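Asker:
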Amino acid sequence: MDTNKTVAVIGGGIAGMEAATFLSARGITVYLIEKEDKLGGHLLDWERLFPTMRNGSEVVKFLMDGVKADNIKIMLSSKLTAAEKSGKGYNLRINENVDLFADAVLVTTGYDLFDATKKEEYGYGIYDNVITSADLEKIFMSGKALQTKQGNVPKKIGLVHCVGSRDEKAGNVYCSKVCCVTGVKQAIEIKQKMPYTEVFNFYMDLRMYGMHFEALYKKAQADFGIQFIRGRLSEASEDQNGGIILKVEDTLMGKPLKLTVDILVLLIGLIPAKGSKEVGELFGLKNGVNGFYKTTDQHTLTNSSNVDGVFFAGACTSPKTITNTITDARAAASTVAAYLFNYRSLERKIEQNEDFWLYNTK
Ligand code: SF4
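Below you can see the structure in the form of C-alpha cells.
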C-alpha cells in the first residue's frame, strides 16, 4: 500500500523508531526527527538488559533494521522549532531552516534521568566514590574494571533504590518502575565481575512486577549472595580513605545501621524530558500531575492527546520498560493510522475522571 499520508515522529528513541517502522509498513511516509546525531536514545547507554542480560545492542540493531525503509526519512541533529495547524495537519519547522507538512504528529520524546546532585545528602558530585546507575552502566560499556577513584578494587558496594522517585522532597512522588530491577541486574553484574565484593541493596520495597523480574531477584540472593536491606538511606558521608559511610534505618530490624562501602551507586529515577516541555509548548499539550504528558484517558485512550492530530508513544507519558515502550509504540502507530484513514471512526466516549484525587491526602 502506498498512501500520500505523512507523519512526523518527534524523537528517535525506542518508541519513535518502532512507531516509524509500523507506520511505514502501512504505506505512510514518516519523518523521524531526532535531536541527537544518532538514533537509539537512552538504549545506547545500556550494556545489558534485564531480565535476560541480553546485550542492548541486539535490540538497537532490531530497531535500526525496522527504520531502513525508503519511506522513513531520518532527520538527525534536528529539532522541532515551530508548529502551526494547517488544515487537518501541521506545518512544522525543523532547525529554523527546514519546513515540512505532516498529516499527523507522534510525540515520542521519552524521559530524562533524575539529577542526583539534587539529593545533596547522598553526596553525588561531592564525594569521589558516589556514582549513579547510569555512570555504572557506562563503566560496564567501556569494559574497564570497576574501581574506586583511588584505584582500589572495591570490597563493599552499596546500591540505593528510589533516588529521585517516591520522594516528595525531590518533587517526584511516583515510582519510576524500572530502577528496582535495574538495581538487581547491576548487583548481579558486579558479582559476576567481582565475586569477592560484598554487595548491598537498600530498598523501601522491591517492585519486581514484570515477567521474570522476581526470578532475577531470587537468583541475586540464592546464586550471588547479594544482601537486600529494607531501609532508607538518611545520609552518606566520606571517611579519610574515600570510603562512603552510610546511615540507614533498617526498617525490618527496627534499628539504625551504619556501614562503610567503597562505592555507592544511586539508582536514579526517570523524570519528564526537557524536550517534552519544549514540544508540549509548541502544540499546547497538557501535562498530568507528575509532569509527564497527560493522555486523553488513563485506561482507554493512552496514545491520544488533548490536541487534534497529535499523539503520544513511549515514556513521554509515564516510565516504561523497553518491552512496554515497544508495545506502546505499535499501539500508537495503529491509533495514528486509524486517525489518518478513518475507515471507521474509533471515537468512543468515556467519562473523564481526573487523577488529582490520588495526590490529595486531605
Ligand atoms: S522501581 Fe523500585 S527503585 Fe524505582 S522508584 Fe519504584 S520502588 Fe523505587
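My numbering applies: residue 18 is where the sequence shown begins, and numbers increase by one.
From the three backbone atoms N, C-alpha and C, an ideal C-beta is built for every residue, glycine too.
Predicted, not measured: the structure shown is a model, and the values here were computed from it.
Look at the alpha carbon of Asp-267 and the alpha carbon of Met-225, and state the distance between them as a whole number of angstroms.
Answerer: Here residue 267 is taken as the residue at index 250 of the sequence shown, counted from 1. Here residue 225 is taken as the residue at index 208 of the sequence shown, counted from 1. One C-alpha to the other measures close to 20 angstroms.
Asker: Any heavy atom of the ligand SF4 inside 6 angstroms of the beta-carbon of Lys-272?
Answerer: Along the sequence shown, one-based indexing puts residue 272 at 255. No, the beta carbon of Lys-272 sits no closer than 6 angstroms to any heavy atom of the ligand SF4.
Asker: Are Ile-339 and Glu-35 touching if we call contact CB-CB under 7 angstroms?
Answerer: Against the sequence shown, residue 339 aligns to sequence position 322. Against the sequence shown, residue 35 aligns to sequence position 18. Their beta carbons are not under 7 angstroms apart, which means Ile-339 does not touch Glu-35 by this criterion.
Asker: Grouping DSSP H, G and I as helix and E and B as strand, with all else coil, what is Lys-102?
Answerer: To locate residue 102, count along the sequence shown from 1; it is residue 85. In the three-state DSSP reduction, Lys-102 falls in the strand class (E or B).
Asker: Determine whether the beta carbon atoms of Gly-331 and Thr-125 lie at a separation below 7 angstroms.
Answerer: Here the question's residue 331 lines up with position 314 in the sequence shown. Here the question's residue 125 lines up with position 108 in the sequence shown. It is a contact, given that the beta carbons lie within the stated cut-off.
Asker: Helix, strand or coil for Tyr-356? Go by DSSP, reduced to three states.
Answerer: Locating residue 356 in the sequence shown gives position 339, where the first residue counts as 1. In this structure, Tyr-356 counts as helix in the three-state DSSP scheme.
Asker: Taking Met-158 as part of the beta strand (DSSP E), name the residues at either end of that continuous run.
Answerer: Within the sequence shown, the letter at position 141 stands for residue 158. Met-158 -> not in any beta strand (DSSP E); alpha helix (DSSP H) instead, spanning 150 to 159.
Asker: Considering only heavy atoms of the ligand SF4, does any lie closer than 6 angstroms to the CB of Arg-249?
Answerer: Within the sequence shown, the letter at position 232 stands for residue 249. Not so, every heavy atom of the ligand SF4 lies at least 6 angstroms from the Cβ.
Asker: Work out the CA separation of Cys-333 and Lys-379 for me, nearest whole Å.
Answerer: Counting from one through the sequence shown, the residue named residue 379 turns up at place 362. Counting from one through the sequence shown, the residue named residue 333 turns up at place 316. Summary for Lys-379: the model assigns pLDDT 46, below 50, so the residue's position carries little reliability; its value from the coordinates is reported in the next sentence. Lys-379 and Cys-333: Cα-Cα distance of roughly 29 angstroms.
Asker: Less than 8 angstroms between the CB atoms is what I'm expecting for Thr-23 and Thr-46, so what's the real figure, rounded?
Answerer: Within the sequence shown, residue 23 is the residue found at index 6, counting from 1. Within the sequence shown, residue 46 is the residue found at index 29, counting from 1. Right, the Cβ-Cβ distance comes to about 5 angstroms (below 8 angstroms), so this counts as a contact.
Asker: Check whether the region 250 to 259 touches the region 227 to 235, taking contact to mean three or more Cβ pairs, one atom from each stretch, closer than 8 angstroms.
Answerer: At 8 angstroms Cβ cutoff, the stretches do not touch.
Asker: Hey, quick one: how far does the beta strand (DSSP E) through Gln-244 stretch, first residue to last?
Answerer: Taking the first residue of the sequence shown as position 1, residue 244 is located at position 227. Gln-244 -> beta strand (DSSP E) spans 244 to 255.
Asker: Note down the Cα distance separating Cys-196 from Lys-96, rounded to an integer number of angstroms.
Answerer: Position 179 of the sequence shown, counting from 1, holds the residue named residue 196. Position 79 of the sequence shown, counting from 1, holds the residue named residue 96. Across the structure, Cys-196 and Lys-96 are spaced so that their CA atoms are roughly 29 angstroms apart.
Asker: Between the region 80 to 89 and the region 279 to 291, are three or more C-beta pairs nearer than 8 angstroms?
Answerer: no
Asker: Which residues in the same chain have their Cβ closer than 6 angstroms to the Cβ of Leu-299, if we skip the five residues on either side of it in sequence?
Answerer: As a first step, residue 299 is located in the sequence shown; it is residue number 282 there, counting from the start. For Leu-299, where only same-chain residues beyond five positions count, the Cβ hits under 6 angstroms are Ala-100.
Asker: Ignoring anything shorter than 3 residues or poking outside the region 46 to 108, list the beta strand (DSSP E) runs there in chain order.
Answerer: Positions of the beta strand (DSSP E) runs, each at least 3 residues long and wholly inside the region 46 to 108, are given as 46 to 50, 89 to 92, 97 to 103 in order along the chain.
Asker: Any heavy atom of the ligand NAP closer than 6 angstroms to the Cβ of His-178?
Answerer: Among the ligands present in this structure, namely the ligand SF4, the ligand NAP is not found.
Asker: Could you say which of Val-278, Pro-273, Phe-309, Leu-93 lies nearest to Ile-288 if we only look at CA atoms?
Answerer: Numbered from 1 along the sequence shown, position 271 holds the residue referred to as residue 288. Of the candidates Val-278, Pro-273, Phe-309, Leu-93, the one whose C-alpha sits nearest the C-alpha of Ile-288 is Phe-309.
Asker: Check Asp-222 in the structure and name its three-state DSSP category.
Answerer: Your numbering for residue 222 matches position 205 in the sequence shown. Looking at Asp-222 - three-state DSSP - the assignment turns out to be coil, as it is neither helix nor strand.
Asker: Could you spell out the range, first to last residue, of the alpha helix (DSSP H) harbouring Gly-297?
Answerer: Against the sequence shown, residue 297 aligns to sequence position 280. Unbroken alpha helix (DSSP H) run through Gly-297: 291 to 300.
Asker: Cβ-heavy atom distance between Ser-335 and the ligand SF4 below 6 angstroms?
Answerer: In the sequence shown, counting from the first residue as 1, residue 335 sits at position 318. No - the ligand SF4 has no heavy atom lying nearer than 6 angstroms to the Cβ of Ser-335.
Asker: Taking the straight line between their C-alpha atoms, what separation do you get for Thr-312 and Asn-304?
Answerer: Looking up residue 312 in the sequence shown gives position 295. Looking up residue 304 in the sequence shown gives position 287. Answer to the nearest angstrom: the Cα atoms are 8 angstroms apart.
Asker: Would you identify the three-state DSSP class for Lys-379, choosing helix, strand or coil?
Answerer: Here residue 379 corresponds to residue number 362 of the sequence shown, with the count starting at 1. Confidence at Lys-379 is low in this model, with a pLDDT of 46, below 50, so its placement is unreliable and the value that follows should be read with caution. DSSP places Lys-379 in coil when its eight states are reduced to three.
Asker: Hey, out of Leu-60, Glu-215, Tyr-139, whose CA is closest to Lys-173's CA?
Answerer: Along the sequence shown, read from residue 1 onward, the residue named residue 173 stands at position 156. It is Glu-215.
Asker: Measure how close the beta-carbons of Asn-323 and Leu-302 come, nearest whole angstrom, since I'm counting them as under 8 angstroms.
Answerer: In the sequence shown, counting from the first residue as 1, residue 323 sits at position 306. In the sequence shown, counting from the first residue as 1, residue 302 sits at position 285. Confirmed, Cβ separation roughly 7 angstroms.
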